[in-house]
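Engineer: In terms of our numbering, the sequence shown has 652 at position 652, counting the first letter as 1, and numbering is strictly consecutive.
Each residue gets a CB set at the ideal place from its N, CA and C atoms; glycine is no exception.
Predicted model, so just to flag it, every value in this text is computed and none were measured.
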Amino acid sequence: MSGGETGQEPKVDPCAVPPLPAGSAVGVLIAARDWSATPLGPIEAWPSSLRCAVSLLLEAPVPMILFWGLEHIALYNDAYAGAIGDRHPASLGARARDRWAHIWHQMGPPLTQAFTTGEAMSRRDQSLMAIRGGVPTETFFDISFSAVREADGSIGGVLAIAYETSDRVRATRAATAERERLSQMFEQAPSFMALLREPGHVIELANAGYQQLTDNRAVVGMPIAEALPEIAEQGFIALLDRVAESGAPYRGHSVPVALRHSDGSDGQFLLDFVYQPVFDEDGQVSGIFVEGIDVTERVRTQERLALSENALRLAIEVAEIGTWDYDLVNDTLAWDDQTKAMFGMSPTVNSTIQEFYDGLHPDDRDATTRAFAAALDPAIRATYDVEYRTVGKEDGRVRWVAAKGRGLFDAEGVCVRAIGTALDITARKLAQEALRESEQRFRTIADSAPALIWLCDETGQLVFANQWHEETFGVPARELLGGGWQAILHPDDVESFCSDFDNAFAIRAPFSRDVRVIDRRGVTRWLHSEARPRHAEGRFVGYVGCDVDITEVHRVSEQLERGIAERTGELAATNRQLSTQIEERERVEATLRQMQRLEAIGQLTSGVAHDFNNLLTVVLGNIDMIARVAPDGPLDERSIKRLSYIRAAAERGATLTAQLLAFSRRQRLEARPVDLNDTVAGMRDLMQSSMGGSVRMEIDLQSELWPAMVDPTQIELIILNLAINARDAMAVGGALTVATGNVVLGEPAYPEEPAPGEYVMIAVADSGTGMTPEVRAKAFEPFFTTKEVGKGSGLGLAQVFGFAKQSGGGVAIETELGVGTTVRVYLPRAVERRSMPRPVDQPHDRARAADASGKRILLVDDDQPVREVTANMLRAMGADVIERDSGGAALELVEREDGAFDLMVVDFAMPGMNGAELVAAVGARWPDLPALFVTGYADLTAIANVSADRIVQKPFRRDELQRKAVRLLAKA
């Protein structure tokens, strides 16, 4: 249990920082090294189990090495560094397989087994080839491998204790040879032996072991006190005297002995020995047989092993892993404090095997007992690996325990002992139970939802499908699990859907797409599938998804697309590709949005222009009237000059509204076959003078150019407009090229381009700054300009676009930053080549323009200021003008007067009955009554077939109104 579970203060993690002992040379190397680039990662991020293991092995005096992680990264202590000689320090932090490749066939299997199974492995006097001083040397080691576990019980690494026994093995081999050679005398004893003759303890015989122990001194024939004077001071002569006097043997165990070497140094030994008296025939002690062994290394090894066991025990305690040991021979069960806590017992309470059985939860007792019995059965020898619940003996708490262990069997196959570990997994089980409850709630909610909800596991296999799947597809949900769900997909969508899902699944990304399926009636339906990755305890466990039926949405979408295709001829070819090419559909939709946006802007622009024309009509009309009486009135010269300024500003406004109407395609065009080569050639001098001397102009006219069906006046304005725009795009000087050509176009790439067909092209190219993609996208929008304030209205290209579209063609821009821009205007090809002459005013028309005396004119306009200005202009002709402010009022008057009017002057755009409807209603009864339309061109469809001599465009001049009124009066 943790400190939080017992109510005690939380323990401080002793391995929060790697405790590297000050006296450890290897510890200094480990602390100084940057581990970020190694599989272990930065030292600050090492897990506590690794930090503790490193700290313990650095303090250990015996050679120890820790292999950590799947790649077995090596960490060892000073003792091990000394054992491997010049292979240190290159081996520190190296991969075991790489650095110990020459002995991997010996070291790899036990290391891998310990890492995989957690079972301790040992090898005694293992022969290994080592490099000593650059020379391959056979060495011997006692090696043990023990698993070091992480906090969650998994194996993080393997701790190996490698104690070199080369000297011992070689000594043993030498002693064995000596025993064989002296077998008759020493009975092949592997120990040091000597025979002392009494009295005086004279060394009569000494074997090789004794000679080795005494550093090969010449001791035979000498009293031991003379041969080994240093042992007298340690009390051994006194012991010999006692044995000789008493005749009783003496045995010493791990007795410390200091023997002086030939170089004057003292060798410290731990000896197990016996002083055995030898009796003569009279029963007197005639000698003492000395026999013993040097246990120095064994004792020290045992001490080091004890230290290692303590370190391992500490690691187990830190990991909160309990241990247990059952002695079947003596029927005793040993539990550590951790294990006792798992059974709700105090540390001071003795544990028995019965306590174990009694502490098991009743529901788990039989299964656990059978598993334990199988582990102890010689015929089965199963691994003991179970999870069970305990009921606390003292606190009554229910806990979950994961226990592992195995039986140990003697040579006859009888199980004499069982050992293992226990881990409290209550928190994990509670979390799993909470997860199961959460999943159950999810399943309940999912099954009640009228949508397709599903789960897949971390391998991508379907593990849950709610009941709505069965309702929709008539297939039990269990048949869809695994990969069975693919059976409901439309055959044409299986491959692409699975590929898209696999791609998202591989990178754990959200998944979203539409897919066709076959429902229970065999009908193809559309589903929109959305899925998101899910995680549990930070681990990816699969996807959760929801599929919604969007069949009706798809049907509506398809109908809408068909409607768009029928209404928009320019998008017909693209719409036919929508079902198979999603990228093409997106392009068409973007094009449609751009056209709709331009159309909306055009409608707004035309409305503004219409209203503005009404205002300008009033302004210009009143200015004209004031100007006519100004010379005879009280206005001085300065006021008359200011009046001219007002007129100029109003006329500039009229020009702007004309450009707005051009963009919105509301201007009235008089299209006729035109030879654009003649038009460009005739404008050459005008364009050159507009460009200035710093611009080089080139004309490139195609021979055999088709005639273009276009308004000749407007195309001249368009060419000049494009030339001036090109001039402004060139900072200082540059080249301007005007070209013509016959072209046959395919599908448009942009909304401003024309539909497929034959066109006459006029192109204006400059060597200026070019456009960015952002500027290119907005180039045709009205009032968008990159020029400085006051240097452009932003209507130039908008007017070009409107004119080209209204003429039945389109525009294309080719531009590159730093290179220049080419604007191509495409105009429809005319069937006729002959250019129709423009109508001109006749002299007699101008002469009689102001004469309408005695004529009755009906003026209809809902805008009172416009109506007043118009009435004054007509009255100035001598006409009798009757005013009405609506079509209904005018129709009522005409009917009451029985059509007794010579002319109707009618505003087109009026609320209720518009001008065209009024003229049509009057014309039905009085077809000879002429009508003159006054319009701001908000909508030309209703008067598209009306001739130009019956239309006056706002803002109009008095001369134009009077001239066209007189013409109609003359024809009446």
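Excluding five sequence neighbours on each side, which residues of the same chain lie with their C-beta closer than 8 Å to the C-beta of Gly69?
Structural biologist: Pro39, Leu40, Gly156 and Gly157
Engineer: Could you give the distance in angstroms between the alpha-carbon of Gln113 and the alpha-carbon of Asp272?
Structural biologist: 37 Å
Engineer: So which of Ala83, Phe67 and Leu75 has the shortest CA-CA distance to Gly108?
Structural biologist: Phe67
Engineer: Got a sec? Which residues, its chain only, sit under 6 Å from Gly200 by beta carbon, not counting five neighbours each side?
Structural biologist: Pro223
Engineer: Measuring alpha carbon to alpha carbon, tell me which of Val710, Arg168, Glu230 and Arg124 ends up nearest Ile762.
Structural biologist: Val710
Engineer: Based on Cα-Cα distance, which residue from Asp861, Arg298 and Leu462 lies nearest to Gly544?
Structural biologist: First, the residue type needs correcting, since residue 544 is Val and not Gly in the sequence shown. Taking only the C-alpha atoms, the option nearest Val544 is Leu462.
Engineer: Quick one: Cα of Leu968 to Cα of Leu932, how far?
Structural biologist: 8 Å
Engineer: Nearest-angstrom Cα distance between Ala889 and Arg727?
Structural biologist: 54 Å
Engineer: Three or more C-beta pairs under 8 Å: does that hold for the region 41-61 against the region 142-157?
Structural biologist: yes
Engineer: Would you call Val919 buried or exposed, if buried means 16 or more other Cβ atoms sit within 10 Å of its Cβ?
Structural biologist: buried
Engineer: Could you tell me whether the region 402-419 touches the region 442-456, using the rule of 3 or more Cβ pairs below 8 Å?
Structural biologist: no
Engineer: Looking at the unbroken alpha helix (DSSP H) that takes in Asp364, where does it start and where does it end?
Structural biologist: Pro362 to Leu376
Engineer: Below 8 Å, how does it come out for the region 376-385 and the region 352-364: are there three or more Cβ pairs, yes or no?
Structural biologist: no
Engineer: In chain order, what residues of the same chain have a beta carbon less than 7 Å from the beta carbon of Ala194, not counting five sequence neighbours either side?
Structural biologist: Ile203, Leu205, Ala206, Tyr210 and Val290
Engineer: With the cut-off set at 8 Å, would you say Ala434 and Arg406 are in Cβ contact?
Structural biologist: no
Engineer: Could you give the DSSP three-state label for Gly252: helix, strand or coil?
Structural biologist: strand
Engineer: Pick helix, strand or coil for Leu705, following the three-state DSSP scheme.
Structural biologist: coil
Engineer: At what residues does the beta strand (DSSP E) containing Lys404 begin and finish?
Structural biologist: Element bounds for Lys404: Val398 to Phe409.
Engineer: Going by the beta-carbon positions, is the gap between Asp861 and Val952 smaller than 8 Å?
Structural biologist: no
Engineer: Put Val274 into one of helix, strand or coil per three-state DSSP.
Structural biologist: strand
Engineer: Counting C-beta neighbours from all protein chains within 10 Å, is the total for Val553 16 or more, i.e. buried, or is it exposed?
Structural biologist: Counting Cβ neighbours within 10 Å, Val553 comes out exposed, since fewer than 16 surround it.
Engineer: Taking 8 Å as the cut-off, does the region 159-167 touch the region 132-146 (at least 3 CB pairs, one atom from each stretch)?
Structural biologist: The region 132-146 vs the region 159-167: in contact.
Engineer: Under 7 Å: does the beta carbon of Pro89 sit that close to some heavy atom of the ligand MG?
Structural biologist: This structure lacks the ligand MG, and indeed carries no ligand of any kind.
Engineer: Check His105 in the structure and name its three-state DSSP category.
Structural biologist: helix
Engineer: Does Asp152 pass the burial test, meaning 16 or more other C-beta atoms within 10 Å, or should it be called exposed?
Structural biologist: exposed
Engineer: For Leu705, which residues from the same chain have a beta carbon less than 8 Å from its beta carbon, with the 5 sequence-adjacent residues on both sides left out?
Structural biologist: Asp675, Leu676, Asn677, Thr740, Gly741, Asn742 and Val760
Engineer: Closest to Val278 by CA distance: which of Leu196, Gly809 and Met904 is it?
Structural biologist: Leu196
Engineer: Skipping 5 residues on each side, what residues in its chain have a beta carbon closer than 6 Å to that of Pro14?
Structural biologist: Here Pro14 scores only 48 on pLDDT, less than 50, and its place in the model is too uncertain to base an answer on.
Engineer: For Leu817, name the three-state secondary structure that DSSP assigns.
Structural biologist: coil
Engineer: Under a Cβ-count criterion, where at least 16 other Cβ atoms within 10 Å of its own Cβ denotes burial, should Glu883 be classed as buried or exposed?
Structural biologist: buried
Engineer: Going by alpha carbons, who is nearest to Gln467 out of Leu452, Lys954 and Asp549?
Structural biologist: Leu452
Engineer: Taking DSSP's pairing of strands, which residues face Gly157 in a bridge?
Structural biologist: Trp68 and Val148
Engineer: In whole angstroms, give me the CA-to-CA distance for Ile84 and Ile43.
Structural biologist: 25 Å
Engineer: What would DSSP say about Asp325, mapped onto helix, strand or coil?
Structural biologist: strand
Engineer: Out of curiosity, what's the CA-to-CA distance linking Val994 and Gly93?
Structural biologist: As displayed, the chain neither begins before 1 nor continues past 972, which places residue 994 out of reach and without an answer.
Engineer: Here's the rule I'm using: 16 or more other beta-carbon atoms within 10 Å means buried, otherwise exposed. How should Phe956 be labelled?
Structural biologist: Within a 10 Å sphere around the beta-carbon of Phe956 sit 16 or more other beta-carbons, which makes this residue buried.
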